[in-house]
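Asker:
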Amino acid sequence: MFGNKISRQLIDIIRDTAVRNRARRIRKITLVAGDEAVISQSLLEHFALMSKGTPAEGALVEIRKENSRVKCEACRIFFKQKSGDTHCPRCGKKGIEFVLGKKFFIESLKIEV
Ligand SMILES: [Zn+2]
Numbered sequence: 516m517f518g519n520k521i522s523r524q525l526i527d528i529i530r531d532t533a534v535r536n537r538a539r540r541i542r543k544i545t546l547v548a549g550d551e552a553v554i555s556q557s558l559l560e561h562f563a564l565m566s567k568g569t570p571a572e573g574a575l576v577e578i579r580k581e582n583s584r585v586k587c588e589a590c591r592i593f594f595k596q597k598s599g600d601t602h603c604p605r606c607g608k609k610g611i612e613f614v615l616g617k618k619f620f621i622e623s624l625k626i627e628v
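The opening position of the sequence shown corresponds to residue 516 in this note's numbering, with each subsequent residue numbered one higher.
(1) Buried or exposed: which applies to S623, given that a residue is buried once 16 or more other Cβ atoms fall within 10 Å of its Cβ?
(2) Sorted by chain position, which residues of the same chain lie with C-beta nearer than 7 Å to L525's C-beta, five sequence neighbours on each side aside?
(3) Considering only their Cβ atoms, is the gap separating I554 from I529 smaller than 9 Å?
(4) Cβ atoms of E581 and G549: under 9 Å apart, would you say?
(5) Return helix, strand or coil for R631, following the three-state DSSP convention.
(6) Give me the Cβ distance between I621 and R605, rounded to the nearest whole Å; I'm assuming they're in contact under 8 Å.
(7) Among the candidates I541, C587 and Q556, whose CA atom is the shortest distance from the CA of S608?
(8) Nearest-angstrom Cα distance between S566 and G616?
(9) Let me know if A589 comes out buried or exposed under the rule of 16 or more other beta-carbons within 10 Å of its beta-carbon.
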């Protein structure tokens with residue numbers, strides 16, 4: 516059950532984030548996914564089912580498809596390249612272009628505390 520594993524991972528990440536931020540509820544989750552990522556409608560339905568009783572219950576999931584992001588090794592963040600510039604917006608170091616492909620990550624969570 517591939518979808519099962521992904522939604523479980525998602526819920527784990529979301530639950531950790533909720534605990535860290537003392538969130539009572541997660542309102543919205545924004546995911547950035549590569550072109551080949553298998554985030555389908557059924558995965559989202561499964562996620563909705565599995566998040567019942569967790570702070571993520573009823574959260575809105577938004578998926579943004581992107582080919583690549585730039586990764587800063589120093590800050591461990593992903594950011595969007597701006598007109599060919601791959602310098603990190605946080606520390607100013609040059610980042611490495613990272614093709615997302617099948618990968619996805621959570622870009623932001625809207626929480627209620
Ligand atoms: Zn940086």
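Backbone N, C-alpha and C define an ideal beta-carbon position, used for all residues, glycine too.
Answerer: Answer, in terms of the structure:
(1) exposed
(2) F562
(3) no
(4) yes
(5) As shown, the chain starts at 516 and ends at 628. That puts residue 631 outside it, with no answer to give.
(6) About 18 Å; that fails the 8 Å criterion.
(7) Per the sequence shown, residue 608 should be read as Lys rather than Ser. Here the closest residue by C-alpha is C587.
(8) 26 Å
(9) exposed
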